[in-house]
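For reference, the structure is listed below as structure tokens.
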Amino acid sequence: MSRRKALSIIGGGAILAVAGTGLHVTRKPNKALAPWAAAGQYDEIRKRALSYAILAPNPHNRQPWMVDLGTPNQVKLFVDTNRLLPHTDPFNRQITIGLGCFLEVLRMAAAQDGYAVQLDLFPNGSDTEELDSRPVAIAHFQKSEAVQPDPLFAHVMQRRTQKEPFDMDRAVSDSDLRSLISARQSGTRRWADNSDHSVEHYRTLSEEALMIEIETPHTYRESVDLFRIGRAEVNKNPDGIDFSGPLFETLNLFGLFSRKAALDKNSVTYTGGIDAVLSNTRTAMAHIWITTKGNTREDQITAGHDWVRLNLQTTGLGMGLQPLSQALQEYPEMADHYDQIHKELAEDGETVQMFARLGYCAPVPESPRWPLEAKIINA
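The numbering used here puts the first residue of the sequence shown at 45, with every later residue one more than the last.
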């Protein structure tokens, strides 16, 4: 988070009080960021491809993937059922999209080394209600002279999810939107809109949906439980929602920012936090969405392929992209907004799989990651 956002969460007076102590906490969560430096540093082809795949975007940074490397030339992907989001993602649709992102980056990374990857999705079947212990996919690696490197792979190391307010003086151009729409993945449909009326309408819808998630106790608590506050917590559990950096280190040390305060509706942490996250929805300069004709597990994986490719494409354009998933969540309190966004954006019974804001802002740092070795079941 930026200093500006932290100020809005905690309050300027508290910041100044801490600053007056002369305490400076500058160390980064280097252990949690080490997987970014390790990407591509493995000799074994599958591990080298996986070292990039673990950097893929995923909901709440849960990193729900586990891989079995026990069979030569194969990667068997499983979901870690301890890393699901049962309240905000009760049918594991968003988690499945994250697994699709993982598989697409895996494919692109393998192609860099001249390997084709054939995916056998859900080889033992799947459940539309929940993910379980059955494999999500078996990725078959085969050396091929026909395989071509994917140009979007060049942006994997710079890809971020932009969680800062966008520059409202910098418009998203019609030509850039056309470029993003035309580059959709097979099996999905992309559309986008930067018109004033549409942007204002979906800023409001996104804000309403976000407030429903915050004001629904079990969905808000799910996020707060995943707060990682300060370098030590992030290094110990490099997943969830990262609140590291010098400012949060100091605030946490003085007891000025905590999970308990975030749950207290009378605290400045709670009220300021709402203002901070709404500053993102309110600065959307365009919106883009991805739909599929159905909503099978395979459709959700395909949506993940397209989502990470969109994220890489926006990275190449110097543009920021942030998912606004709240209105797409499938718990009862969100039903009206879920129905509304589907009525407005889906065609002929489609499912809106991803919805996001577009704009421009300063670069943000990498998200923490578990090391690849923590994600391997059988080497």
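Cβ coordinates follow ideal geometry from the N, Cα and C atoms, glycine included.
These numbers come from a predicted model, not from an experiment.
Contact check for Phe-185 against Asn-117 passes: the beta carbons are separated by less than 7 Å. Spanning the alpha carbons of Trp-414 and Asp-286 requires a straight line of approximately 13 Å. The C-alpha of Ala-227 is placed about 29 Å away from the C-alpha of Pro-167. Using a Cβ distance threshold of 7 Å, Ala-330 and Leu-389 do not count as a contacting pair.
Ala-215: not part of any beta strand (DSSP E); DSSP gives it neither H nor E.
In the three-state DSSP reduction, Leu-196 falls in the helix class (H, G or I). Beta-bridge pairing by DSSP links Ile-141 to no other residue. A distance below 7 Å separates the beta carbons of Ile-141 and Gln-344. Under the three-state reduction of DSSP output, Asp-383 falls in the helix class.
Around the Cβ of Arg-222, a 10 Å sphere holds fewer than 16 other Cβ atoms; the residue is exposed. Under the DSSP assignment, Pro-290 falls in the alpha helix (DSSP H) whose first and last residues are 290-297.
Here Arg-127 is not near Arg-151, since their CB atoms are 7 Å or more apart. Cα atoms of Leu-254 and Pro-130: separation of roughly 17 Å, rounded to the nearest angstrom.
Pro-367: member of the beta strand (DSSP E) spanning 364-367, first to last residue. Assigned with DSSP and collapsed to three states, Leu-163 falls in strand. Here His-241 is exposed, its C-beta having fewer than 16 other C-beta atoms within 10 Å.
One thing to note: Gln-162 has its Cβ no nearer than 7 Å to the Cβ of His-349. Just so you know, the alpha carbons of Leu-143 and Leu-361 end up roughly 25 Å apart. Residue pairing for Gln-118: DSSP places it in a beta bridge opposite His-184. Counting only the Cα atoms, Ser-411 lies some 16 Å from Pro-290. Ala-155 has its alpha-carbon roughly 10 Å from the corresponding atom of Glu-189. Annotation for Arg-326: Arg-247 place their beta carbon closer than 6 Å to its own, counting only its chain and skipping 5 residues before and after. A residue is called buried when at least 16 other Cβ atoms come within 10 angstroms of its Cβ; Asn-324 meets this threshold and is buried. In the three-state scheme derived from DSSP, where H, G and I count as helix and E and B as strand, Ala-236 is classed as strand. Counting along the chain, Gln-397 sits inside the beta strand (DSSP E) bounded by residues 395-403.
For the options Arg-204, Leu-322, Asp-269, the alpha carbon positioned closest to that of Gly-284 is the one of Asp-269. When DSSP assignments are scanned along the stretch 263-351, the uninterrupted stretches of alpha helix (DSSP H) that are 4 or more residues long and fall wholly within it turn out to be 275-280, 290-297, 303-307, 312-325.
For the pair Leu-356 and Arg-203, the CB atoms are nearer than the 7 Å cut-off. Taking the Cβ atoms as the reference, Ser-95 lies roughly 5 Å from Ala-83, within the contact range of under 8 Å.
Taking C-beta atoms as the reference points, Gln-366 and Gln-206 count as a pair closer than 7 Å. Around the C-beta of Ser-177, fewer than 16 other C-beta atoms lie within 10 Å, and the residue is accordingly described as exposed.
Counting of Cβ neighbours within 10 angstroms places Ser-250 among the buried residues, the total reaching 16 or more.
Apart from sequence neighbours up to five positions away, the residues of its chain that approach Asn-102 with a beta-carbon distance below 6 Å are Gly-142, ordered along the chain.
Judged by DSSP in its simplified three-state form, Ile-225 adopts helix. The continuous beta strand (DSSP E) containing Ile-421 extends over residues 420-422.
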